[in-house]
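> Let me begin by handing over the structure; questions about it come next.
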Amino acid sequence: MDVSEAIKKRRSIRKFKPDPIPEEKIRLLLESARLAPSGTNTQPWRFVVIKDNDTKKKLQEAAHNQRHIGRAPVIIVCCADLKAFKEFPERVDELIESGALPERTREVFIPYLKKGMDTVTKDALMVAAAANVAIAVEHIVLQAVEIGLGTCWVRWYEDNKVKEILDIPEHVEVMALLPIGVPDEDPSRRPRLELDQLVNGEKYGEGYF
Ligand SMILES: Cc1cc2nc3c(=O)[nH]c(=O)nc-3n(C[C@H](O)[C@H](O)[C@H](O)COP(=O)(O)O)c2cc1C
């Protein structure tokens, strides 16, 4: 299956067969997340893999009783470690060593980032975290399609409760719950806006198509 096919085939799946997911498939999903791009290669994504039925039930309750949470054989709780954004000097060094960035980045970019980090608000960090972690989550989602698994992004949950259930520390934020399993439904394509409602040409408000 190529990427276009996976994109077209993907649906949010909310009914799962009880079949367990082999460990190598879980690993492949997590590996797909690991390879995602991120700003300054910060890689802020962190994951908690849940198989325990009691924990799933508690997460279902924290997610306003959405039943696909409790029914999934595995839930990957996708988080952002906000401390990861402070580790940019190490990340920049690695990028320079790998040849991705020129040497002079050290003198130019690191002071610029340091200044930004001294004044950054939590809200701004959360925006960066959401953008970066969303890419990793969608890697998992599309990889799952290729290996015959279904997933559903879940963002409707009580943050504090999820953190408490899973012992998630203060500096780590929950970005999504991802129930995963063999699909037990085959939904048709959900409605989407047309491209001409989404795309502007040259200036916002001017048509492209
Ligand atoms: C950021 C995000 C949050 C979502 N939160 C939930 C959720 O809490 N519960 C749920 O059942 N679906 C959730 N969804 C799934 C959407 O309802 C779904 O993507 C949308 O209706 C389009 O359907 P499709 O994914 O099958 O194409 C979420 C999707 C995204 C991307």
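With my numbering, you'll find the sequence shown wraps up at 219, consecutive numbering, no jumps. Cβ coordinates follow ideal geometry from the N, Cα and C atoms, glycine included. None of the values given here were measured: they were computed from a predicted structure.
Are at least three pairs of beta-carbons, each pair with one atom in the stretch 180-198 and one in the stretch 13-30, less than 8 Å apart?
The stretch 180-198 vs the stretch 13-30: in contact.
> Taking Phe119 as part of the alpha helix (DSSP H), name the residues at either end of that continuous run.
On the sequence shown, position 109 is the one that residue 119 refers to. Counting along the chain, the alpha helix (DSSP H) containing Phe119 begins and ends at 115-129.
> With Ala90 as the anchor, note down where its alpha helix (DSSP H) starts and where it stops.
In the sequence shown, the residue the question calls residue 90 occupies position 80. Run containing Ala90: none in the alpha helix (DSSP H); it sits in the beta strand (DSSP E), 84-91.
> Taking the alpha-carbon of Ile178 as reference, which of Phe57, Glu15, Val209, Asp206 has the nearest alpha-carbon?
Residue 178 sits at position 168 when you count from the first residue of the sequence shown. That would be Phe57, whose Cα lies nearest to the Cα of Ile178.
> For Leu176 and Ile17, I'd like the C-alpha separation in whole angstroms.
Taking the first residue of the sequence shown as 1, we reach residue 176 at position 166. Taking the first residue of the sequence shown as 1, we reach residue 17 at position 7. For Leu176 and Ile17, the distance between alpha carbons rounds to 31 Å.
> Which residue comes first and which comes last in the alpha helix (DSSP H) that contains Met136?
Locating residue 136 in the sequence shown gives position 126, counting from the first residue. Taken as a continuous stretch (DSSP letters only), the alpha helix (DSSP H) holding Met136 covers 132-156.
> Okay, do the stretch 42-59 and the stretch 93-104 touch, 3+ Cβ pairs below 8 Å being the bar?
These segments touch.
> Comparing C-alpha positions only, which one of Glu71, Val155, Glu113 sits nearest to Lys19?
In the sequence shown, the residue the question calls residue 19 occupies position 9. Taking only the C-alpha atoms, the option nearest Lys19 is Val155.
> For a test of the three-state rule: what should DSSP assign to Gly49, helix, strand or coil?
Counting from one through the sequence shown, the residue named residue 49 turns up at place 39. Looking at Gly49 - three-state DSSP - the assignment turns out to be helix.
> Within its chain, find whatever has a CB closer than 6 Å to the CB of Leu159; leave out the 5 residues flanking it on each side and keep chain order.
Position 149 of the sequence shown holds residue 159. The answer, listed in chain order, is Ile190.
> Does the beta-carbon distance from Cys162 to His78 come in below 7 Å?
The count along the sequence shown starts at 1 and reaches residue 162 at position 152. The count along the sequence shown starts at 1 and reaches residue 78 at position 68. Yes, Cβ-Cβ distance for Cys162 and His78 is below 7 Å.
> Return yes when the C-beta of Ser22 is under 6 Å from any heavy atom of ligand 1, and no when it is not.
The sequence position of residue 22 within the sequence shown is 12, counting from 1. Result yes, Cβ under 6 Å from ligand 1.
> Please report the straight-line C-alpha distance between Ile60 and Ile86, rounded to a whole angstrom.
One-based indexing of the sequence shown puts residue 60 at position 50. One-based indexing of the sequence shown puts residue 86 at position 76. So the alpha carbons of these two residues sit roughly 6 Å apart.
> Where do the ends of the alpha helix (DSSP H) carrying Lys24 lie?
Reading the sequence shown from its first residue, position 14 is the one you call residue 24. In the sequence on display, residue 24 carries Arg and not Lys. Looking at the DSSP string, Arg24 is not in any alpha helix (DSSP H), and its letter there is neither H nor E.
> Taking the alpha carbon of Phe95 as the point to measure from, which residue in Gln76, Met136, Ala82 has its own alpha carbon closest?
The residue you call residue 95 lines up with position 85 of the sequence shown. Per the Cα distances, Met136.
> If you measure from the CB of Trp163, is any heavy atom of ligand 1 nearer than 6 Å?
Residue numbering aside, residue 163 sits at position 153 when the sequence shown is read from its first letter. Indeed, a heavy atom of ligand 1 lies less than 6 Å from the Cβ.
> By how many angstroms is the C-alpha of Glu117 removed from the C-alpha of Lys35?
Counting from one through the sequence shown, the residue named residue 35 turns up at place 25. Counting from one through the sequence shown, the residue named residue 117 turns up at place 107. About 42 Å.
> Arg77: beta carbon under 6 Å from a heavy atom of ligand 1?
Taking the sequence shown and counting its residues from 1, the one referred to as residue 77 is at position 67. No, the Cβ of Arg77 stays beyond 6 Å of every heavy atom of ligand 1.
> Under 7 Å between the Cβ atoms of Ala46 and Ile145?
The sequence position of residue 46 within the sequence shown is 36, counting from 1. The sequence position of residue 145 within the sequence shown is 135, counting from 1. Yes, the Cβ-Cβ distance between Ala46 and Ile145 is below 7 Å.
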